[in-house]
Structure formats: structure tokens, C-alpha cells
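For the sequence shown, the numbering used here gives the first residue as 1, with consecutive numbering after it.
A virtual CB, placed ideally from N, CA and C, is assigned to each residue, including glycine.
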Amino acid sequence: MFFPILTPPSRVFLKASGQVSPLSSCGPESWEYRDLKVFCSPVENRLDVSVEASATEPEAVQLRWDFDIRGHYLFLNDHWERGYGDLQWSVMQPERVYPWYFMAFDGERAHGYGVRTLPNAMAFWLADSKGVSLWLDLRCGGAGVRLKGRHLDAVSIVVREGLPGESPFAAAKAFCRTMAVLPARQHPVVYGGNNWYCDYGESSEGGILEQAKIMTRLAGQNQNRPYMVVDDGWQICHAHSCNGGPWSYGNYGFPHLEELPGRMEQMGVRAGIWFRPLLTMERVPAEALLSRFQGQEGVILDPSSPFVLEKAAEDMRRLDGWGYHLIKHDFSSFDILGKWGVQMGASLTTSGWRFFDPTKTTAEIIKNFYQVLRDSVPDALIMGCNTVGHLSAGIFDLSRTGDDTSGLEWERTRKMGINTLAFRLPQHNVFFAADADCVGITGKVSWKYNRQWLELLSKTGTPLFVSASPNAIGPEQEKDLAAAFARADQALPEAEPLDWMDTACPSVWKFGGETQCFDWFSENGVWVY
Numbered sequence: 001m002f003f004p005i006l007t008p009p010s011r012v013f014l015k016a017s018g019q020v021s022p023l024s025s026c027g028p029e030s031w032e033y034r035d036l037k038v039f040c041s042p043v044e045n046r047l048d049v050s051v052e053a054s055a056t057e058p059e060a061v062q063l064r065w066d067f068d069i070r071g072h073y074l075f076l077n078d079h080w081e082r083g084y085g086d087l088q089w090s091v092m093q094p095e096r097v098y099p100w101y102f103m104a105f106d107g108e109r110a111h112g113y114g115v116r117t118l119p120n121a122m123a124f125w126l127a128d129s130k131g132v133s134l135w136l137d138l139r140c141g142g143a144g145v146r147l148k149g150r151h152l153d154a155v156s157i158v159v160r161e162g163l164p165g166e167s168p169f170a171a172a173k174a175f176c177r178t179m180a181v182l183p184a185r186q187h188p189v190v191y192g193g194n195n196w197y198c199d200y201g202e203s204s205e206g207g208i209l210e211q212a213k214i215m216t217r218l219a220g221q222n223q224n225r226p227y228m229v230v231d232d233g234w235q236i237c238h239a240h241s242c243n244g245g246p247w248s249y250g251n252y253g254f255p256h257l258e259e260l261p262g263r264m265e266q267m268g269v270r271a272g273i274w275f276r277p278l279l280t281m282e283r284v285p286a287e288a289l290l291s292r293f294q295g296q297e298g299v300i301l302d303p304s305s306p307f308v309l310e311k312a313a314e315d316m317r318r319l320d321g322w323g324y325h326l327i328k329h330d331f332s333s334f335d336i337l338g339k340w341g342v343q344m345g346a347s348l349t350t351s352g353w354r355f356f357d358p359t360k361t362t363a364e365i366i367k368n369f370y371q372v373l374r375d376s377v378p379d380a381l382i383m384g385c386n387t388v389g390h391l392s393a394g395i396f397d398l399s400r401t402g403d404d405t406s407g408l409e410w411e412r413t414r415k416m417g418i419n420t421l422a423f424r425l426p427q428h429n430v431f432f433a434a435d436a437d438c439v440g441i442t443g444k445v446s447w448k449y450n451r452q453w454l455e456l457l458s459k460t461g462t463p464l465f466v467s468a469s470p471n472a473i474g475p476e477q478e479k480d481l482a483a484a485f486a487r488a489d490q491a492l493p494e495a496e497p498l499d500w501m502d503t504a505c506p507s508v509w510k511f512g513g514e515t516q517c518f519d520w521f522s523e524n525g526v527w528v529y
């Protein structure tokens, strides 16, 4: 059954000042409550939802469609930001939050329901046997937004009816194309090194250059040169209690940070770098501080503040000017909202606080922050980590689409990496290049499993990064890594997880006309301690 969601909703509700109130219909496409109006306007193959209010400060709007959807369905979720090993097809769970979009498989076809990328509201869906609800979080931080008469184009709802004989994976990929407002940015293939999972912040220029030498050796004569990304640990205020800025100096391990890209380029490696734009140890104006609880070392910056936006842009320009033409920015969703995506559900942040600009929704503020980063370095590659995929699609080049893998334990890589790769693969090269995270090579994870993870990543055409400790690279690893880099340098046939409807950790994969089975588990099963 294909749900008729591009029709006017059966009912509309408003949440404001902690109270939920029904709206009254004031026309075939509009509803009102006091000074607030909601419009649902059919436009071509979508339904545009907008809100306007003068005095009311809306926190959320619920749109409800009534129809009987009892029967055997499987539903696929997305996440607010990264996946946490919990992306999966599952039976109907009425309380299960589907951020942005969901797929519904009726036993024959997989249908898609969602909002287009780059919306101005944080949107999630709920489905139960009596119908479907779309909730629009319109808050500014943790309080109602002050629209002051402004007409807010909140979301555009789109759907896609599955085709007979079409695989659910192909349907999901096609629906991502339907949702994409901007195309994925075009760039050469991205592969190489990232030092996080072999160094975990204890790094130096010498160590980076040693790893860069390994990357260029492994890449051989590949047409596209590998990257070496300097991850967390280079900044002057790096400590276990704070990994924030300022981002204008290296610490004692990186005394010549601005010269490092040139040295890597001479070795045949492209330079990348990590930073956390919204956490700093610097003294900043009061209006630059995020008003929610500041509980850690350093201060969290408010991305709606003009001072903060210019500061972030200046940091981006500086890093790019030094020669780091792949910039990975991290932690912004957590810094802004105070929660990891896995903790959010229907409540993205705590109540009772607003951004510096109280007239914009959280979605508008985050999206503008992303655009400022993009505009500051138009020619650099930008990788978002802990960022909101639906608000960055077509803006960032790459997105870290899952929680951290590991250089210390296989089970974390298995849970986070493989799940992320499989279930975010429909977004790859549609929203952005989807990075499922690194292969951590330290000698502490069995090569039996890491080799397979490396091979799978390299055959999907997604970004391939390895964290390779030099003393963990023997002849076997050298051979497998060189083969993986050679694959990563090529245009490859599209990959598809064939058993993704049966498990959250797919092991049967199709690469063009080839099917391959991977072995992710020991004979003793999953180790949970």
C-alpha cells in the first residue's frame, strides 16, 4: 500500500508554551490557531508546509494523516546526524522516531516518504496502525521561535512509490535523489590516511610525516594522490579535558604546522586537517557564548552570532591557506544541541534556552552555519563529522555518516562501521560522499576482520581512510592496503548490501555482477564486555 501523504493532513496541532492545541481549518490548504497559521500547499510532486505567526512562539507543529496501515510492513529509519549501529529495517514501532524520512516495504515494493533536504525545520515521522504523523520542531534552541510575522517555509514533503521488481536498496537510492535539493558536489576520489585511530591524539609532525610516507608508498602510481589527514591533537590547547581552539597555532608537537602541507605535497600526499569550530579556550564576547549550560573546559560558541560565524570562517580560511585543502570539522551537533544523535529521539535538546538570534529556527541556524563554512573556502573539500546530513546535503563534500570505528576493538568497528556503510549507502554521491569511517590498524584488531572491512570499504566507492600505525604494517597488510588503494582510485560498479533487510550487520554484498560474503563474527559470537 502506498500512503497518500501528498494530500492535506487530517488534522494539525500546535505545541507552544508547553501546551498542545488543535488548529482549525480556515480553507482547503490552511489551518489557524489565534495568530498562527499553517499552510500545506501542493506544488507539482510535493507538499510545501509553511508557518507564520506574529506573537505566538511555536515550538512544534504536528501534521496527522489518517489511514489504515495494519498489515505486514518493514520500516527503514534514518538518523538526526550519524548512525550508531542502529540503522535497520524493522517492524512497525509506533514510538520509533524517523528523522527526515522513512522507507516502508509492503512485501512487494519499498515506498519512500520524507522531506526534501535543506529544510527550515527539524522534521521527524511516526507511523502507527491508524496513520502517519509528521512533527516539525520549530524551536530556536530549546524554546519557541519568535517569527514576528515572518512567513517560514518549513519543509517540502516528497514521496516516491516503489516500482515493481525494484530492490528496496534501489528504491532507497532513488528516493534520496527525490529528496535532494542540491546535487552532491563533484570531486576526485578521496582515500588515504587519518591518524586518529592509531594515535588517539598523541601525535606529532614527525609521526604524521612517517604515516604520509606510508600512504604515498601504498598509492604507488595511482592517478589520484592519497590524503593524509591530521586529526585531533595538533592544536595548542589539546588536552583530555578539552579538544577545542584556538586554531591559529600548533602545540609543541607541531611547531611548523603551516609548513607541513608543503612537506607532504613533496612526498606525493595531499594534506587534510581536523578542527572543532564551536569549542574554544579563548575569551570571547558574551554574545558569542551559547546560552545553554556550559559545563566543560572551554566555552561553546553560538553559531547564530555574527562574531562566531566570522571566527569560524576565519579559521577555515587560515587552515586552507596553510595548504590543508581537506578540512574535517567535528562535534558541532553535540556542541549546539548538547546531545548525541542516539540520545535525541523526539527531543533534540533541553528546554528553556535560545540562540543569540531568537528569530531563527534551529534548522535555519545550523544550515546557515554550514553555508558560512562552505563559502569561506569554496575550493576546499569539507568533511562534516557529527553534522546533520539533511542540512548539509550538497553543501559539504563528504560526511562522516556513522559513529566512531576503532583501532582497539573489532566489535566497535563491526557495529558502527558496517551498519553505517550499508544503511547510509543510498545517500552516497546523492547528498555527499558518505564516509563510514576508518580502518584502524594498530595490531590490536585481528587482521582477519580488519582486512575484510578494508576490502568492503574499497569496493563500495565510498571514501577510504586508514589509520595505520607504522609498526603494524607488515608484508600482508602492505599488500592488502595497496590493493585497496588501487581499487579506491577507480570508478567502481555500484555496491549493494543484499541481506540488509534481515540484519543490521550485512555480510552478503553485490558489486556489479559479483556477489561476495564476508565473515564478521568469531565462532564465539559477539563479545559484549
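Rounded to the nearest angstrom, how far is the Cβ of residue i from that of residue j, given a contact under 8 Å?
{"i": "F334", "j": "N386", "result": "6 Å"}
{"i": "Y197", "j": "C438", "result": "5 Å"}
{"i": "I157", "j": "L260", "result": "That belief does not hold up - the Cβ atoms of I157 and L260 are roughly 47 Å apart, past 8 Å."}
{"i": "H325", "j": "R374", "result": "Going by Cβ atoms, the distance from H325 to R374 rounds to 14 Å, so no, they are not a contact pair."}
{"i": "W125", "j": "L134", "result": "6 Å"}
{"i": "L163", "j": "M501", "result": "Wrong, their Cβ atoms sit about 17 Å apart, outside the cutoff."}
{"i": "Q211", "j": "N222", "result": "So it is not a contact: roughly 17 Å between Cβ atoms."}
So which of the options has the shortest CA-CA distance to residue i?
{"i": "G407", "options": "S392, P426, V445", "result": "V445"}
{"i": "S291", "options": "S203, R400, L337, A313", "result": "L337"}
{"i": "E476", "options": "L464, S507, G443, H428", "result": "G443"}
{"i": "G192", "options": "M501, G440, W527, P497", "result": "G440"}
{"i": "D35", "options": "S41, A16, P28", "result": "A16"}
{"i": "L218", "options": "P493, A488, T503", "result": "A488"}
{"i": "G83", "options": "F511, A504, V528, V526", "result": "A504"}
{"i": "I236", "options": "R96, Y249, V229", "result": "Y249"}
{"i": "V299", "options": "S332, M316, R317", "result": "S332"}
{"i": "V155", "options": "N429, M122, G141", "result": "M122"}
{"i": "P246", "options": "V49, G253, W234, H240", "result": "W234"}
{"i": "G141", "options": "H428, L456, T359, A434", "result": "T359"}
{"i": "H151", "options": "V49, A212, A422", "result": "V49"}
{"i": "W80", "options": "F521, H390, E494", "result": "H390"}
{"i": "E282", "options": "Q371, M416, V308, V115", "result": "V308"}
{"i": "R177", "options": "D153, L454, S203, V115", "result": "V115"}
{"i": "R276", "options": "S305, E297, D302, G244", "result": "G244"}
Could you tell me if residue i is buried or exposed, where buried requires 16 or more neighbouring beta carbons within 10 angstroms of its beta carbon?
{"i": "E310", "result": "exposed"}
{"i": "Y538", "result": "It is not possible to answer for residue 538, since the shown part of the chain is limited to 1 through 529."}
{"i": "Q93", "result": "exposed"}
{"i": "S351", "result": "exposed"}
{"i": "C517", "result": "exposed"}
{"i": "Q62", "result": "buried"}
{"i": "N471", "result": "exposed"}
{"i": "E57", "result": "buried"}
{"i": "V43", "result": "exposed"}
{"i": "Y33", "result": "buried"}
{"i": "G149", "result": "exposed"}
Going by the DSSP bridge assignment, what does residue i pair with across the sheet?
{"i": "S435", "result": "In the sequence on display, residue 435 carries Asp and not Ser. According to DSSP, D435 bridges with R400."}
{"i": "W135", "result": "Q62, F124"}
{"i": "T280", "result": "G245, V299"}
{"i": "P497", "result": "W509"}
{"i": "W31", "result": "S25, V38"}
{"i": "A104", "result": "F75, H111"}
{"i": "I441", "result": "A468"}
{"i": "D480", "result": "According to DSSP, which records beta bridges pairwise, D480 is partnered with nothing at all."}
Give the range of the beta strand (DSSP E) segment to which residue i is assigned.
{"i": "F275", "result": "270-275"}
{"i": "V20", "result": "19-22"}
{"i": "V162", "result": "The sequence shown places Gly at residue 162, rather than the Val named in the question. First-last for G162: undefined, no H or E at that position."}
{"i": "M228", "result": "227-230"}
{"i": "R194", "result": "According to the sequence displayed, residue 194 carries Asn and not Arg. Per DSSP, N194 belongs to the beta strand (DSSP E) from 191-194."}
{"i": "T515", "result": "514-517"}
{"i": "K391", "result": "Just to set this straight, residue 391 is Leu in the shown sequence, not Lys. Here L391 belongs to no beta strand (DSSP E); instead the alpha helix (DSSP H) covers 389-392."}
{"i": "I365", "result": "Segment 362-376 is the alpha helix (DSSP H) holding I365; no beta strand (DSSP E) there."}
{"i": "I327", "result": "326-329"}
{"i": "S10", "result": "Unbroken run through S10: none, as it is neither H nor E."}
{"i": "S467", "result": "464-468"}
{"i": "V115", "result": "110-115"}
{"i": "C176", "result": "Careful: C176 lies outside any beta strand (DSSP E), inside the alpha helix (DSSP H) at 168-179."}
{"i": "M383", "result": "381-385"}
How far does the alpha helix (DSSP H) with residue i in it reach, from first residue to last?
{"i": "R424", "result": "419-424"}
{"i": "V51", "result": "No alpha helix (DSSP H) contains V51, which is instead part of the beta strand (DSSP E) from 46-52."}
{"i": "I336", "result": "332-337"}
{"i": "P261", "result": "260-266"}
{"i": "Y449", "result": "447-460"}
{"i": "D315", "result": "306-322"}
{"i": "G341", "result": "341-344"}
Could you tell me if the beta carbon of residue i falls within a distance shorter than 7 Å of some heavy atom in the ligand FAD?
{"i": "P426", "result": "Only the bare structure without any ligand can be found here, which leaves the ligand FAD out of the picture."}
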